[in-house]
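Remarks on the structure that follows.
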């Protein structure tokens, strides 16, 4: 699956960082599916799944590699991607750490 292009920022509380993490997404009615988390910030992210139906205003829980489960609400949908605003902000150093891990992985792959 290719990385989606960045969504045009509406009003962002924090800068999104370029990450790609495997994630498990679930809706409050119990539907679950594997997906990917992109563009992480302290206040939100972009997620994709193969078939999980997400709609604007739907509540979701995301469990991504390296993170505790995060709850939030879908704020936008475009081309199979969903923008999620977290219920509570992530700790900034956690986002920075995940970003550095991703950068290190990309450097390691370039050999």
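Residue numbers (the working numbering): 1 to 111. Cβ atoms here follow ideal geometry from the backbone N, Cα and C, with glycine treated the same way.
Between which two residues does the beta strand (DSSP E) containing residue 63 stretch?
First-last of the beta strand (DSSP E) with residue 63: 59–64.
On the CB-based measure, 16 or more other CB atoms within 10 Å of its CB, does residue 107 come out buried or exposed?
Unreliable placement is indicated for residue 107, whose pLDDT of 47 sits below 50; no coordinate value is reported for it.
I'd like to know whether the C-beta atoms of residue 35 and residue 19 end up nearer to each other than 8 Å.
Their beta carbons are not under 8 Å apart, which means residue 35 does not touch residue 19 by this criterion.
To the nearest angstrom, how far is the alpha carbon of residue 37 from that of residue 87?
So the alpha carbons of these two residues sit roughly 16 Å apart.
Considering residue 117, what are the terminal residues of the beta strand (DSSP E) in which it resides?
Because the chain spans 1 through 111 in this model, residue 117 falls outside it and cannot be assessed.
Look at the Cβ atom of residue 26, then the Cβ atom of residue 73, and state whether they are nearer than 8 Å.
Result no, Cβ atoms of residue 26 and residue 73 do not sit closer than 8 Å.
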